[in-house]
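Okay, structure first, notes after.
2 protein chains.
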Amino acid sequence: MSETRWLSPDEQKAWRAYLNAHRLLLDAVDAQLRRDSGMPHAYYEILVRLSDTPDRALRMSVLADGLRVSASRLSHAIARLEERGWVRREDCPTDKRGQLAVLTDEGFAALAAAAPGHVEAVRGALFDALDPEQVQWLGAISQTLADHLASRERRTG
Amino acid sequence: MSETRWLSPDEQKAWRAYLNAHRLLLDAVDAQLRRDSGMPHAYYEILVRLSDTPDRALRMSVLADGLRVSASRLSHAIARLEERGWVRREDCPTDKRGQLAVLTDEGFAALAAAAPGHVEAVRGALFDALDPEQVQWLGAISQTLADHLASRERRTG
DNA sequence: AGCAGCTACTTGAACGCTCAACAAATCCGC
DNA sequence: GCGGATTTGTTGAGCGTTCAAGTAGCTGCT
Chain H
1 MSETRWLSPD EQKAWRAYLN AHRLLLDAVD AQLRRDSGMP HAYYEILVRL
51 SDTPDRALRM SVLADGLRVS ASRLSHAIAR LEERGWVRRE DCPTDKRGQL
101 AVLTDEGFAA LAAAAPGHVE AVRGALFDAL DPEQVQWLGA ISQTLADHLA
151 SRERRTG
Chain X
1001 MSETRWLSPD EQKAWRAYLN AHRLLLDAVD AQLRRDSGMP HAYYEILVRL
1051 SDTPDRALRM SVLADGLRVS ASRLSHAIAR LEERGWVRRE DCPTDKRGQL
1101 AVLTDEGFAA LAAAAPGHVE AVRGALFDAL DPEQVQWLGA ISQTLADHLA
1151 SRERRTG
């Protein structure tokens, strides 16, 4: 049992500021989407991924990996999106276990309608507050972090 | 109706990386606390705030403000913490509408037991991946952002 | 003093996420 | 190919958050 390596005052301050900033940011973005487009941010992200794909279809597992989201969460989410007619499931032709999530025209239209407001919200909440150098650093730090955490996750299962 | 100011490629990349990093980080921290201490991160934060206060008691509204959390969310959370015996409610002596959330000895003990594992998790997930310069920038950016978003929230209600 | 409007907090329903358990198909070693 | 381990995806229960509505107490205006 080794001694705990407590956070230094600077680290504590950074961590607290991070938690505050991120809660406010994500809440603001999520609230805007819910209010103006009736969908949580998580669903918006799913629609974006699908719309960015050539045939607007992805396997559940690929989608889950790309969004860093659990299979269960995605499955529930796709079920909701299906109820709204924004996504439809299809059997995967090459693997009978697999399912494809396919963006419908209605889903694409919903995304197109939501996008401008969402982008404005992100800009207003995040990019308007930061200068280009800060954006640069935020991007680099996030990428470092995402890589670190993803590799860690693979190691520990 | 003005033209949407879409995100530049750099901004898009930063935003995506940010979302990935943030989700992985918070999920990792939350999962560790749930697994090892049976509490979600949100509850841990409440206990920390209370334990940092001279008499381990705060008014609901002060606590909610400090944690950037809605009154409703806090009220439900305190109800759960009360069931576990970690927090107790008291009437506010100066304002009959008010309630104090008071950290019990059991709550303090639960926090003390959870802290080392949590700190290790934060260190392993975040600070081990970043060099001191990055930590510096992350802290500064987060602070800028938190101030920006908090002032925005006050303006718009 | 009285009353309108605000603040502080709670409640319940709807919804999304987590976790564990499950079914089905594929993979891999023999 | 046979059979166990792994992969893929779903399901349901339990929990936390949100949102809208509601209660109670305070504040300020007249």
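Taken in sequence, the protein lines are chains H and X.
Residue numbers for the first sequence follow the numbering used here, beginning at 1 and rising by one.
Residue numbers for the second sequence follow the numbering used here, beginning at 1001 and rising by one.
In this text, a Cβ means the ideal position worked out from N, Cα and C, and glycines have one as well.
Note that the structure is predicted; figures quoted are calculated from it, not measured.
Check: Name the chain H residues whose beta carbon is nearer than 7 Å to that of Y1018 (chain X)?
Finding: Position 18 of the second sequence, counted from the start, is the residue given in the question as residue 1018 (chain X). Taking a Cβ-Cβ threshold of 7 Å, the residues of chain H close to Y1018 (chain X) are L138 and S142, in chain order.
Item checked: Strand pairing of Q99 (chain H), partner residues [DSSP] -> Residue numbering aside, residue 99 (chain H) sits at position 99 when the first sequence is read from its first letter. Answer by DSSP bridge pairing, in chain order: H:D91.
Check: Should A71 (chain H) be flagged as near chain X, meaning a C-beta pair shorter than 8 Å?
Finding: Working through the first sequence from its first residue, we reach residue 71 (chain H) at position 71. Not an interface residue.
Checklist line | Proximal residues of chain X, C-beta to C-beta of V135 (chain H) below 8 Å | finding: In the first sequence, counting from the first residue as 1, residue 135 (chain H) sits at position 135. What V135 (chain H) touches in chain X, judged by beta-carbon distance under 8 Å, is D1010, E1011 and A1014, going in chain order.
Check: Does any heavy atom of the ligand NAD sit closer than 7 Å to the C-beta of E106 (chain H)?
Finding: No copy of the ligand NAD appears in this structure; indeed no ligand is present at all.
Notebook entry, point to check: Are there 16 or more other CB atoms within 10 angstroms of the CB of W1015 (chain X), so buried, or fewer, so exposed?
Noted result: Locating residue 1015 (chain X) in the second sequence gives position 15, counting from the first residue. Answer is buried; the Cβ neighbour count reaches 16.
Notebook entry, point to check: How many Å lie between A146 (chain H) and S1072 (chain X) at the Cα?
Noted result: If you number the first sequence from 1, residue 146 (chain H) lands on position 146. If you number the second sequence from 1, residue 1072 (chain X) lands on position 72. Between A146 (chain H) and S1072 (chain X), the alpha-carbon positions lie close to 32 Å from each other.
Next item on the list: Return the chain-ordered ranges of every alpha helix (DSSP H) run that is complete within the stretch 34–68 of chain H and spans a minimum of 4 residues.
Entry: Counting only runs that start and end inside the stretch 34–68 of chain H, the alpha helix (DSSP H) elements of at least 4 residues fall at 41–51 and 60–67.
Check: Contact between the stretch 59–77 of chain H and the stretch 17–24 of chain H: three or more CB pairs below 8 Å?
Finding: Look at the beta carbons and you see the stretch 59–77 of chain H not touching the stretch 17–24 of chain H: under three pairs across the two are nearer than 8 Å.
Checklist line | the stretch 1100–1116 of chain X touching the stretch 126–134 of chain H, judged by at least three CB pairs closer than 8 Å | finding: At 8 Å Cβ cutoff, the stretches do not touch.
Check: Would the stretch 118–132 of chain H and the stretch 27–38 of chain H be scored as touching if the rule is three or more Cβ pairs under 8 Å?
Finding: As far as the Cβ criterion goes, the stretch 118–132 of chain H touches the stretch 27–38 of chain H, which means the pair count is three or higher.
Notebook entry, point to check: Whose Cβ in chain H lies nearer than 7 Å to the Cβ of F1127 (chain X)?
Noted result: Locating residue 1127 (chain X) in the second sequence gives position 127, counting from the first residue. Within chain H, the residues whose beta carbon sits less than 7 Å from that of F1127 (chain X) are E11, listed in sequence order.
Item checked: Beta-carbon spacing of G1117 (chain X), D1052 (chain X) below 8 Å -> Here the question's residue 1117 (chain X) lines up with position 117 in the second sequence. Here the question's residue 1052 (chain X) lines up with position 52 in the second sequence. No, the pair does not count as a contact, with Cβ atoms beyond the cut-off.
Next item on the list: Output, in sequence order along the chain, the residues in the stretch 1071–1098 of chain X whose CB is closer than 8 Å to any CB in chain H.
Entry: For the stretch 1071–1098 of chain X, which is checked against every Cβ of chain H, not one residue is closer than 8 Å.
Check: Do L1100 (chain X) and A1057 (chain X) have their C-beta atoms closer together than 8 Å?
Finding: As a first step, residue 1100 (chain X) is located in the second sequence; it is residue number 100 there, counting from the start. As a first step, residue 1057 (chain X) is located in the second sequence; it is residue number 57 there, counting from the start. Taking 8 Å as the Cβ cut-off, L1100 (chain X) and A1057 (chain X) qualify as a contacting pair.
Checklist line | Own chain, CB closer than 8 Å to L1050 (chain X), minus 5 neighbours either side, in chain order | finding: Here residue 1050 (chain X) is taken as the residue at index 50 of the second sequence, counted from 1. Here the set comprises R1056, A1057, L1058, L1063, V1087, A1101, V1102, L1103 and G1107.
Notebook entry, point to check: Could you give the distance in angstroms between the alpha-carbon of P93 (chain H) and the alpha-carbon of R1084 (chain X)?
Noted result: Here residue 93 (chain H) refers to the residue found at position 93 when the first sequence is read from its first residue. Here residue 1084 (chain X) refers to the residue found at position 84 when the second sequence is read from its first residue. One C-alpha to the other measures close to 50 Å.
Margin query: When you compare the CB of T1053 (chain X) with every CB in chain H, is at least one pair closer than 8 Å?
Written below: The residue given as residue 1053 (chain X) occupies position 53 in the second sequence. The beta carbon of T1053 (chain X) sits no closer than 8 Å to any beta carbon of chain H.
Notebook entry, point to check: According to a CB-to-CB cut-off of less than 8 Å, which residues of the stretch 33–52 of chain H neighbour chain X?
Noted result: Cβ contacts with chain X come from E45.
Check: Under 8 Å, do A129 (chain H) and T1144 (chain X) count as touching if we go by C-beta distance?
Finding: For the purposes of this step, residue 129 (chain H) is taken as the residue at position 129 of the first sequence. For the purposes of this step, residue 1144 (chain X) is taken as the residue at position 144 of the second sequence. It is a contact, given that the beta carbons lie within the stated cut-off.
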